[in-house]
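K.L.:
Okay, here's the structure, questions in a sec.
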Amino acid sequence: MSDAADDRTATADTATADLEAVLASLAYLLTRSQEHERRTARAGITAARSDVYLLRALAEADGPSRVGDLAERLMVKPSHVTRQIDRLEGQHLVARTPDALDRRARRVALTSDGRDLLERLKQANITGLADALAGVPEPDVAATVSVLCHLIERYVQRVRGSLLSEDDTTPPAPGPVPRAALRDPVES
Numbered sequence: 367m368s369d370a371a372d373d374r375t376a377t378a379d380t381a382t383a384d385l386e387a388v389l390a391s392l393a394y395l396l397t398r399s400q401e402h403e404r405r406t407a408r409a410g411i412t413a414a415r416s417d418v419y420l421l422r423a424l425a426e427a428d429g430p431s432r433v434g435d436l437a438e439r440l441m442v443k444p445s446h447v448t449r450q451i452d453r454l455e456g457q458h459l460v461a462r463t464p465d466a467l468d469r470r471a472r473r474v475a476l477t478s479d480g481r482d483l484l485e486r487l488k489q490a491n492i493t494g495l496a497d498a499l500a501g502v503p504e505p506d507v508a509a510t511v512s513v514l515c516h517l518i519e520r521y522v523q524r525v526r527g528s529l530l531s532e533d534d535t536t537p538p539a540p541g542p543v544p545r546a547a548l549r550d551p552v553e554s
């Protein structure tokens, strides 16, 4: 390999290591329970982080969803989603309805309270991000979004691939990766 190729590889390795360190710090800061509680309290919300991801998945769905479909989107076990739905239904954030195609199944949809909660949280998050991004040029923010979306999609593909290798009976999710799945690391 030439010296120029070695330099490019070393630079790429350094940039990747720098990105890993930044992402680790960002993940830590964004996923701290105290930070979640502070942001949700500002928005008047008491939902847990994992509940918020479920609500986002429902908001992005085309109408009511089955538990199994939600679990697949979020890359978690259906029993986990069922417990969450029980909690959220008790808070009047989601509602279960009969499935017209399968009498044994139920579909889950956001209620107006659930949509209002998500909107309040979104506004609280945008306010915090705007403060943190003060002075960063818009093209830099757009480039960061593009790179992070690519990175997340690759991680989601890897996670879904490892889930499939553990359970070959589960088909991959059809179509593009839902935005809610991009936000939620695997929970079991």
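Residues 367 to 554 (the working numbering) are what the sequence shown spells out, left to right. Note that CB positions come from ideal geometry on N, CA and C, so glycine has one too. Since the model is a prediction, treat every value here as computed from it, not as a measurement.
#1: I'd like the span of the alpha helix (DSSP H) that includes L454, first residue to last.
#2: Rounded to the nearest angstrom, what separates L424 and R473 at their Cα positions?
#3: Note down, in chain order, each residue of its chain lying with its Cβ closer than 7 angstroms to the Cβ of E553, except the 5 sequence neighbours on either side.
#4: Taking the alpha-carbon positions, what's the E438 to E401 distance?
#5: Run through DSSP, which three-state label would P503 get?
#6: What is the DSSP secondary structure of D428, counted as helix, strand or coil?
#7: Assuming A475 and A461 form a contact by the criterion Cβ under 8 angstroms, report the distance between their Cβ atoms to the nearest whole angstrom.
#8: Can you grab the Cα-Cα spacing for the pair G480 / D379, in whole Å?
#9: Could you tell me the distance, in whole angstroms, from the CA atom of L487 to the CA atom of D497?
#10: Excluding the 5 residues flanking V507 on each side, which residues of the same chain have their C-beta closer than 8 angstroms to its C-beta?
#11: CB of A423 to nearest heavy atom of the ligand ADP: below 7 angstroms?
#12: With distance defined between alpha-carbon atoms, name the residue in S528, D468, G494 nearest to V433.
#13: So, under 8 angstroms CB-CB, R405 and G494 are touching, yes? Tell me the CB distance rounded to an integer number of Å.
#14: Would you kindly report the start and end of the unbroken beta strand (DSSP E) that includes A461?
#15: So what's A413 in DSSP terms, helix, strand or just coil?
#16: By DSSP's criteria, D468 is part of a beta bridge. Which residues make up the other side?
#17: When the distance is taken between beta carbons, is L420 closer than 8 angstroms to L392?
#18: Give the range of the alpha helix (DSSP H) segment to which T477 is assigned.
#19: Measuring CA to CA, which of L389, Q457, D428 is closest to V418?
#20: Compare the beta carbon distance of P430 and T463 with 8 angstroms and say whether it is the shorter of the two.
P.N.:
Once the coordinates are examined:
#1: 444 to 456
#2: 11 angstroms
#3: Residue placement at E553 is poorly supported in this model, since its pLDDT is 38, which falls under 50; the coordinates are not used for a value here.
#4: E438 and E401: Cα-Cα distance of roughly 27 angstroms.
#5: coil
#6: coil
#7: 6 angstroms
#8: 44 angstroms
#9: Roughly 16 angstroms separates the two Cα atoms.
#10: L499
#11: For the structure depicted, the ligand ADP is absent and the ligand set is empty, with no information on it obtainable.
#12: D468
#13: 6 angstroms
#14: 460 to 465
#15: In this structure, A413 counts as coil in the three-state DSSP scheme.
#16: Bridge partners of D468: D465.
#17: no
#18: Segment: none, T477 is in no alpha helix (DSSP H) and carries neither H nor E.
#19: Q457
#20: yes
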